[in-house]
Structure formats: C-alpha cells, structure tokens
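Engineer: Before anything else, here's the structure in question.
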Amino acid sequence: MLRLTWTENALNDLDWWQQNDVKLLRKIIQICLEICKDPTKGIGKPEPLKFDLQGYWSRRINLEHRIIYTFDESQVTVIQCRFHYHK
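With the working numbering applied, the sequence shown has no gaps in its numbers, which climb one by one up to 171 at the end.
In structure tokens, the structure reads:
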C-alpha cells in the first residue's frame, strides 16, 4: 500500500468538505484508500489526465468534483479534491 500525502490546497479542500458535506468527505477518504491500493484501478473511474496535466490522474467524487493526484512507487500525492482540474 502506498503512502498518502496531501498538498496544502488538498488539505484546504478537505477542511471545506468537513465543514460543508461530511458524506462526500467520507467518499473522498474511501476513494483515497483505494488509490493507495492501486492508483490506476478502482472506484471513481480513474483516468490519466492529458495535455498540460499529463502525469496527473483523476477520479470522480461526483459529477461536479474530482480528486486529482499523482503517484510514484512509494507514495500518492493528492493535489486537490474539490472542483474539476486546476493545476
């Protein structure tokens, strides 16, 4: 299982979810646990991003929001977990 790290922006997003929608916060945590097991497979329709976001991956939280992350052989870094793609 890979180690999970968060950018400051992603931590701010988590804080926002904790204050505004605990149900979706639980879903985010569930998706992140899946990402740590296998960053390229699992729930949330994982897909590699293209163009200027190449090297990043995305998973659906719901229709409006995505988890954006990157990974290597030892860790997953969550870049954001609210809205769509922002680098």
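For each residue, glycine too, the CB sits at the ideal point set by N, CA and C.
1. Restricting to runs no shorter than 3 residues, where is the beta strand (DSSP E) found entirely within the region 115-144?
2. By Cβ distance, which residues of its chain are closer than 6 Å to proline 132, with the 5 residues on each side in sequence left out?
3. With lysine 134 and arginine 144 assumed to form a contact (beta carbons below 8 Å), what rounded beta-carbon distance in angstroms separates them?
4. Assuming phenylalanine 89 contacts glutamine 159 (C-beta within less than 8 Å), just tell me the rounded distance between them.
5. Based on the DSSP output, what are the partners of arginine 150 in its beta bridges?
6. My guess is that glycine 139 and threonine 154 are in contact by the Cβ rule of under 8 Å, so how many angstroms apart are they, rounded?
7. Are there 16 or more other CB atoms within 10 angstroms of the CB of leucine 109, so buried, or fewer, so exposed?
8. Which residues mark the beginning and the end of the beta strand (DSSP E) in which lysine 88 is found?
Structural biologist: A quick look at the data gives this:
1. Listed in chain order, they are 141-144.
2. Looking up residue 132 in the sequence shown gives position 48. Contacts found: Trp141.
3. Counting from 1 along the sequence shown, the entry for residue 134 is found at position 50. Counting from 1 along the sequence shown, the entry for residue 144 is found at position 60. That belief does not hold up - the Cβ atoms of lysine 134 and arginine 144 are roughly 16 Å apart, past 8 Å.
4. Mapped onto the sequence shown, residue 89 falls at position 5. Mapped onto the sequence shown, residue 159 falls at position 75. The residue asked about is misnamed: residue 89 is threonine in this sequence, not phenylalanine. Sure, about 6 Å apart at Cβ, within 8 Å.
5. As a first step, residue 150 must be located in the sequence shown, where it is residue number 66. Answer by DSSP bridge pairing, in chain order: Arg144.
6. Here residue 139 corresponds to residue number 55 of the sequence shown, with the count starting at 1. Here residue 154 corresponds to residue number 70 of the sequence shown, with the count starting at 1. Contact flag correct, Cβ pair sits at about 6 Å.
7. On the sequence shown, residue 109 is found 25 positions in, with the first residue counted as 1. Its Cβ being crowded by 16 or more others within 10 Å, leucine 109 is buried.
8. Position 4 of the sequence shown, counting from 1, holds the residue named residue 88. Reading off the sequence, residue 88 comes out as leucine, not lysine. Counting along the chain, leucine 88 sits inside the beta strand (DSSP E) bounded by residues 87-90.
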